[in-house]
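> Heads up, the sequence shown stops at 256 in the numbering used here, and the numbers go up one at a time, no gaps. Note that beta-carbon positions come from the ideal geometry of N, C-alpha and C, so glycine has one too. All values reported here derive from a predicted model rather than from experimental measurement. Below are the structure tokens for one structure; questions will follow.
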Amino acid sequence: MDFKKSKYGRFMNSRVPPNKRYRPTEYEHVANCATHALWIIPSILGSSFLYFLSDNQWESITACIYGFALSGLFTVSTVFHTISWKKSHLRTVEHCLHMCDRMVIYFFIAASYAPWLNLRELGPWASHMRWVIWIMACVGTAYVFFFHERYKIVELVCYTVMSVFPALVILSMANSDGLFELIMGGMSYFLGIVFFKSDGLVPFAHAIWHLFVAVGAGVHYYAIWKYLYVPGTTEMKTSR
Ligand SMILES: [Zn+2]
17 MDFKKSKYGR
27 FMNSRVPPNK
37 RYRPTEYEHV
47 ANCATHALWI
57 IPSILGSSFL
67 YFLSDNQWES
77 ITACIYGFAL
87 SGLFTVSTVF
97 HTISWKKSHL
107 RTVEHCLHMC
117 DRMVIYFFIA
127 ASYAPWLNLR
137 ELGPWASHMR
147 WVIWIMACVG
157 TAYVFFFHER
167 YKIVELVCYT
177 VMSVFPALVI
187 LSMANSDGLF
197 ELIMGGMSYF
207 LGIVFFKSDG
217 LVPFAHAIWH
227 LFVAVGAGVH
237 YYAIWKYLYV
247 PGTTEMKTSR
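Structural data, given as structure tokens:
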């Protein structure tokens, strides 16, 4: 279906070649900002809640790391989209924020796995994933720094590898509580990629991508709260 010729066509601009950046319409700018701004406060409150549910130092530290990345993702994204809407003439600032917007995704992926890796018992080999994910996040960040927007498909491959690789460890956990929610959240991100790549084909494509990210993050948060922050248990073997 060609949205451009439909009555919804005015909500989006024409598609651009792969080496150019899509310019959202005013409507899309508003939606891009709103769809992530909405989650900043809930993510701060939600992760503070995990912090207060913590029974030991590891749970507290993990809640801080996770909360910092979760609220950081929505905050950086909102700031970037606001600047690219209202202050796009500040080219350098916008460029830096766009890089930050991409870098924070790597740390967000690492932080989404961190509670499972830190708070569940893992085998001797699998436990190395606890620090490997952060090395991967740093490599991803370095990649963005040097090759930002140059090879878009490589960027997508990096995100996919980083999202799927630690899951191999999670799948091998003796305690599989929460696995269903983890997979569902992951599916939301992967379905969202369709829209991430649909600027100029579907009106509000980027905002729809944001919503898929919010749903994925929400499902993962729910699983972390339900299975890993059970009051009065330091060994995560029971569920609520
Ligand atoms: Zn965005």
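Report whether the distance from the Cβ of N35 to the nearest heavy atom of ligand 2 is below 7 Å.
In terms of ligand content, the structure shown lacks ligand 2 and carries ligand 1 instead.
> Can N29 be considered in contact with ligand 1, in the sense that its beta carbon sits closer than 7 Å to one or more heavy atoms?
It does not: the Cβ of N29 is nowhere closer than 7 Å to a heavy atom of ligand 1.
> Indicate whether F90 and W55 have their beta-carbon atoms separated by less than 8 Å.
Yes; because the gap between Cβ atoms is below 8 Å, this pair is in contact.
> Would you say the beta carbon of D117 comes nearer than 7 Å to a heavy atom of ligand 1?
Yes, since a heavy atom of ligand 1 falls inside the 7 Å radius drawn around the Cβ of D117.
> Per the contact definition of three or more C-beta pairs closer than 8 Å, is the segment 190 to 205 in contact with the segment 228 to 247?
Contact between the segment 228 to 247 and the segment 190 to 205 is present, because at least three Cβ pairs lie under 8 Å.
> From the DSSP output, in three-state form, read off M190 for me.
A small fix is needed here, since residue 190 is Ala in this sequence, not Met. Looking at A190 - three-state DSSP - the assignment turns out to be coil, as it is neither helix nor strand.
> Where do the ends of the alpha helix (DSSP H) carrying C72 lie?
The sequence as given places Asn at residue 72; Cys does not occur at that position. Where N72 is concerned, there is no enclosing alpha helix (DSSP H), given that its DSSP letter is neither H nor E.
> Rounded to the nearest angstrom, how far is the Cβ of G208 from that of V229, given a contact under 8 Å?
About 6 Å; that satisfies the 8 Å criterion.
> Would you be able to state if there are at least three C-beta pairs under 8 Å between the segment 113 to 131 and the segment 152 to 167?
As far as the Cβ criterion goes, the segment 152 to 167 touches the segment 113 to 131, which means the pair count is three or higher.
> For N48, is the beta carbon positioned less than 7 Å from some heavy atom of ligand 1?
Flag set: Cβ of N48 near ligand 1.
> Could you name the residues of the same chain whose beta carbon sits closer than 6 Å to that of Y38, not counting the 5 residues immediately before and after it, in chain order?
Contacts found: V32, D215 and G216.
> In its own chain, which residues sit with a C-beta less than 7 Å from the C-beta of T94, not counting the 5 before and 5 after it?
Cβ within range, chain order: C49, H52, A53 and I56.
> Looking at C-alpha atoms only, which residue of Y43, H111, V92 and W132 is the closest neighbour of L244?
Residue W132 is the option with its Cα nearest to L244.
> Between which residues of its own chain and T78 is the CB-CB distance below 7 Å, once the five residues before and five after are set aside?
Only A130, P131, N134 and L135 meet the Cβ criterion.
> In whole angstroms, give me the CA-to-CA distance for G156 and I99.
Cα-Cα distance, rounded: 24 Å.
> Between the C-alpha atoms of R107 and W101, what's the straight-line distance to the nearest angstrom?
Straight-line Cα distance between these residues: approximately 12 Å.
> Name the two residues that bound the continuous alpha helix (DSSP H) containing W147.
Residues M145 to F163.
> May I ask you to report which of helix, strand or coil DSSP gives S104?
S104 falls in the coil class under three-state DSSP.
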